[in-house]
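Reviewing the structure listed below.
Pasting the structure below:
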């Protein structure tokens, strides 16, 4: 099904990323696990190697908290001189506080800006494939954002729980997908954003302790259930769905703010400016 395809997935050492990586390898893909810790990724590397062959898995070190690290990760892949058929921007944090190494609000920097740079650095490689896909993992919590200021992304986390900032980073992922689909309309690359559902994974480990029981009450999905929409987009989404937002394996309308084309263009221009020193072309 995916034999001969090379796929990069960030945050693949746990949760829906781990399930997705295992399924992709099962379907024949070679998976490049872009994760921060080799030790935490080792068990997955071993499992894929034992089941499908050691040639089916590669670890790529990346720390999305650092744009330098993102650049190094992209360079490491490019030096391998292999095709790239799919990039899954899956890694994320929720409820964290503070700034990234580059001075961006932590949720925004890790969940969005690091992935923006990684995507930008790999676009030419994606375009050289017969067809390619970019999948950005978002969340329906983006609907929480009604108005905001760009100034917030260069300031420390201001909300008590960090959920407002998390929601904004997920809104940014959808806006990015939308504008990217327009920028790439003359290429062979299609891009999608997805809501995996409220999934019981380690992403919530930084939330204040009093919020975790509330999440449980909402009814959380397993990682296997949460990975279904990502896998649907890898396997079934077509170029006619380019730029769309998926939930529960179906095209869904995001919030009105997430459909704002002017806002998407502003985000694109600002992101180019924020990352320009890492982009040589």
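Numbering (the working numbering), first residue to last: 7 to 287.
Virtual Cβ for every residue (Gly too), placed ideally from N, Cα, C.
Since we're looking at a predicted model, the values are computed, not measured.
Residue 201 carries a strand assignment under DSSP once its states are collapsed to helix, strand and coil. A Cβ-Cβ contact shorter than 8 Å links residue 66 with residue 82. By the CB criterion at 8 Å, residue 118 and residue 175 fall inside the cutoff. Of 238, 154, 254, the smallest CA-CA separation from residue 201 is found for 254. Of the residues assessed, residue 277 falls on the buried side of the cut-off, its CB having 16 or more other CB atoms within 10 angstroms. Relative to the Cα of residue 147, the nearest Cα in the group 162, 180, 233, 250 belongs to 180. For residue 95, same chain residues with a beta-carbon under 8 Å away, outside a window of 5 residues either side, are 16, 121, 124, 125, 140, 141, 142, 143, 179 in chain order. Cβ contact annotation for residue 271 (same chain, cutoff 7 Å, sequence separation greater than five): 185, in chain order. For residue 187, the CB contacts under 6 Å within the same chain, skipping 5 residues up- and downstream, are 197, 248, 249 in chain order. In the displayed model, residue 230 falls within a helix according to three-state DSSP.
Counting only unbroken stretches of 4 or more residues, the alpha helix (DSSP H) elements lying wholly within the segment 115-167 are 120-133, in sequence order. Less than 8 Å separates the beta-carbon of residue 160 from that of residue 109. Just measuring C-alpha positions, the residue of 194, 70, 7, 45 sitting nearest residue 36 is 7.
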